[in-house]
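This report refers to the structure that appears directly beneath it.
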Amino acid sequence: MRKGQSWFNTTSVALGFAFLYAPIVILVIYSFNDSKLVTVWGGFSTRWYVELLNDQAMLDAAWITLRLALLSATMATILGTLAAITMVRFGRFLGRSLFSGMIYAPLVMPDVITGLSLLLLFVSIDIDRGFWTVTLAHTTLTMCFVAVVVQSRLVVFDRSLEEAALDLGCPPFKTFFVITLPLILPAVVAGWMLAFTLSLDDLVIASFTTGPGATTLPMKIFSQVKFGVTPEINAISTILITIVAIGVIAASLFNKRREVERQKAERLAMQG
Amino acid sequence: MAAEAKDRSGWLRWLLVAIPFAWLLIFFLIPFFNVLKLSFSTRARALPPYKPVFDFADGIAGFIAKLQQLTLANHLSLFTDPRYVEAYLSSLKIAAISTILILIVAYPIAYGMARAPREWRSMLVMMVILPFWTSFLIRVYAWIGILGNEGLLNGFLLWLGVIDQPITILTTDWAVYIGIVYSYLPFMILPLYATLEKMDETLLEAAADLGCPPIQAFWKITFPISLPGVVAGCFLVFIPITGEFVIPELLGGSGTKMIGKTLWYEFFNNRNWPLASAVAVVLLLILVVPIVLFQNAQKASEAK
Chain A
9 MRKGQSWFNT TSVALGFAFL YAPIVILVIY SFNDSKLVTV WGGFSTRWYV
59 ELLNDQAMLD AAWITLRLAL LSATMATILG TLAAITMVRF GRFLGRSLFS
109 GMIYAPLVMP DVITGLSLLL LFVSIDIDRG FWTVTLAHTT LTMCFVAVVV
159 QSRLVVFDRS LEEAALDLGC PPFKTFFVIT LPLILPAVVA GWMLAFTLSL
209 DDLVIASFTT GPGATTLPMK IFSQVKFGVT PEINAISTIL ITIVAIGVIA
259 ASLFNKRREV ERQKAERLAM QG
Chain B
77 MAAEAKDRSG WLRWLLVAIP FAWLLIFFLI PFFNVLKLSF STRARALPPY
127 KPVFDFADGI AGFIAKLQQL TLANHLSLFT DPRYVEAYLS SLKIAAISTI
177 LILIVAYPIA YGMARAPREW RSMLVMMVIL PFWTSFLIRV YAWIGILGNE
227 GLLNGFLLWL GVIDQPITIL TTDWAVYIGI VYSYLPFMIL PLYATLEKMD
277 ETLLEAAADL GCPPIQAFWK ITFPISLPGV VAGCFLVFIP ITGEFVIPEL
327 LGGSGTKMIG KTLWYEFFNN RNWPLASAVA VVLLLILVVP IVLFQNAQKA
377 SEAK
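Those protein sequence lines, which keep their order, are chains A and B.
Heads up: the first sequence is residues 9 to 280, going by this note's numbering.
Heads up: the second sequence is residues 77 to 380, going by this note's numbering.
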């Protein structure tokens, strides 16, 4: 029985991962297809990458999206970390359930609703829509994701180190930067990366809240896809996938090394 | 000493709470009231394209006069016009069926991951998360090339000889289901894995020793233990799928009715902002129950 079960487990995991990865692998392979038809293989070629480099509109959109993602992810990380600390450390306060509701609701709220409501806000306070309104919108959405990620780390956090620092006369502000922040840093970094990719990815909210001159990459891709599939989209997708994969793998290796070093230090401390 | 430091930083503490709190109030909560207000307005050929537009310069009398211009017409048309009723029902149906499909597909994967050798597990979790990090839009786009009439799937089936002419998958609800299951799968796998991984395997051994067949052991032991993960996963996918726009727009056809698409078209193509707002308000009312249940589930797991 044992053996049969593990055969079942291996198969289901293998099939599951095949399902998750096959479309992405196919997409990447066909970005090197010489043929204009996405489905007919016409030999290996990098012509779509060359064409991409000459597509100024696409490059502009990519540049706007990158700046937007960097800025909104950074703002979201600061706000989200503050929110997480508030949720975990401040116990009960007036409006706490409202606060946690406002953290969790955006995680599942359909994008069309969030986008529409933010647009109406920007219209009613009459500010010019464009780069900054999308930045504010993305910050609002992604700070909630950061808050949840950082919060899960803070919950298991050992507070005795902080208390020791405070007892030894370290001011709370300094304690935060010297003790707390380094310890929750992996979660903060993960939160930033999540916010960054969510912003890079968002089509719906950006479409609602943007204005003239601020077409993001997903908006550009979306409008091209509506006219039909072009291998150029495969090329830009491949570039994006590569960047994200490298980022995620590097971050996880970095975290793993930190963890190994920490365990080593702990062992040394125990022996000493 | 620590207490003293705490007192001194009292105002700082409240500032820390106030910043994210105020941000979410301004950019998340208050805009909903704006949507609500607009859903009672009427369409206008102006900028912004609705009336009445409230203005502080009106004074109280002006405010009341404008208040009387508000109307329930938008909401009523949602319930009387079969197009909208159909779109809501169809969204809920697609979301419910997809949630069940995702659960069926995700469960064996999560179970297999949780029973994999310990040293592999973190690697497997990362491999589930990795496609989730790559763009949603790109992952949906990838399916267009696969499911189309001249797509890879049809090519493969023709080559196998299973079919003798291409079957239409793209632009049907089938494509929408495939796209949704594919895109939302990690959201279900991860909470399931989290509960299954913590499960004590000796329970199953005990059941087997006592003569309980594996299938029965699964329903009596494993499934009840994984229930919190099942619940969390179902909420995490059901609520956003109901308002999904990108997948039905790119993979579905004109026959695919989903409310996210309706809202988008009313807003961008018809420029009927008040009606789009009413669509959003009613969608939100439908989703309030699952959202509140989801938050309670989150709070319960937080308390643990």
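Using N, Cα and C, we set each Cβ at its ideal position, and we do this for glycine too.
Helix, strand or coil for Thr85(A)? Go by DSSP, reduced to three states.
DSSP, reduced to helix, strand and coil, places Thr85(A) within a helical segment of the structure shown.
Limits of the alpha helix (DSSP H) - the one that Cys310(B) falls within
Under the DSSP assignment, Cys310(B) falls in the alpha helix (DSSP H) whose first and last residues are Phe299 to Thr318.
Fully enclosed by the segment 203-288 of chain B, which alpha helix (DSSP H) runs are 4 residues long or longer?
Those alpha helix (DSSP H) runs which fall completely within the segment 203-288 of chain B and span 4+ residues are 212-223, 228-236, 249-273 and 278-285.
Alpha carbon of Arg104(A) to alpha carbon of Ser215(A), nearest angstrom:
Cα-Cα distance, rounded: 32 angstroms.
Measure from the C-beta of Ser260(A) to each C-beta in chain B and report whether the shortest distance is under 8 angstroms.
Yes, its Cβ sits closer than 8 angstroms to a Cβ of chain B.
What does the alpha-carbon distance come out to for the pair Leu363(B) and Ile315(B)?
Spanning the alpha carbons of Leu363(B) and Ile315(B) requires a straight line of approximately 7 angstroms.
Is the number of C-beta pairs between the segment 222-242 of chain B and the segment 279-293 of chain B that are closer than 8 angstroms three or more?
Judged by Cβ distances under 8 angstroms, the segment 222-242 of chain B makes no contact with the segment 279-293 of chain B, as fewer than three pairs qualify.
Determine the chain B residues that contact Gly109(A) at a beta-carbon separation under 7 angstroms, and present them in chain order.
Result: Gln371.
Does any CB atom of chain A fall closer than 8 angstroms to the CB of Ile180(B)?
In terms of beta-carbon proximity, Ile180(B) stays away from the interface with chain A, with every pair separated by 8 angstroms or more.
Going by DSSP, which residues form a beta bridge with Arg119(B)?
Beta-bridge partners of Arg119(B) (DSSP): Tyr126(B).
Let me confirm a value: Thr18(A) is counted as buried when at least 16 other C-beta atoms fall within 10 Å, else exposed. Which label applies?
Burial call: exposed.
Might you give, ordered along the chain, the residues of its own chain that have their beta carbon closer than 7 angstroms to the beta carbon of Leu211(A), omitting 5 neighbours on each side?
The answer, listed in chain order, is Pro226, Met227 and Phe230.
Look at the alpha carbon of Ile187(A) and the alpha carbon of Asn242(A), and state the distance between them as a whole number of angstroms.
Distance between the alpha carbons of Ile187(A) and Asn242(A) is about 45 angstroms.
Consult DSSP for Asn263(A) and reduce its assignment to one of helix, strand or coil.
In this structure, Asn263(A) counts as helix in the three-state DSSP scheme.
Beta bridge counterpart(s) of Phe52(A) as assigned by DSSP:
DSSP output for Phe52(A) lists Asn41(A) as bridge partner(s).
C-alpha gap between Arg197(B) and Met189(B), whole angstroms:
Whole-angstrom Cα-Cα distance: 6 angstroms.
Given a limit of 7 angstroms on CB to CB distance, which residues of the segment 67-94 of chain A reach chain B?
Against chain B - using a Cβ distance shorter than 7 angstroms - the residues of the segment 67-94 of chain A are Leu87, Leu90, Ala91, Ile93 and Thr94.
Go through its chain and collect everything with a Cβ distance to Pro262(B)'s Cβ below 6 angstroms, but skip five positions before and after it.
Closer than 6 angstroms at Cβ, skipping near neighbours: Val204 and Phe208.
Using beta-carbon positions only, say whether Val341(B) and Leu272(B) come within less than 8 angstroms of one another.
In the sequence under discussion, the amino acid at residue 341(B) is Tyr, which differs from the Val named in the question. No Cβ-Cβ contact shorter than 8 angstroms links Tyr341(B) with Leu272(B).
Considering just the uninterrupted stretch of the alpha helix (DSSP H) at Asp119(A), what are its terminal residues?
Asp119 to Ser132 is the span of the alpha helix (DSSP H), which, as asked, contains Asp119(A).
Answer with yes or no whether the minimum CB distance from Ser231(A) to chain B is below 8 angstroms.
Output row for Ser231(A): interface = no.
Taking 8 angstroms as the CB-CB limit, is Leu144(A) close to chain B?
So yes, Leu144(A) belongs to the interface.
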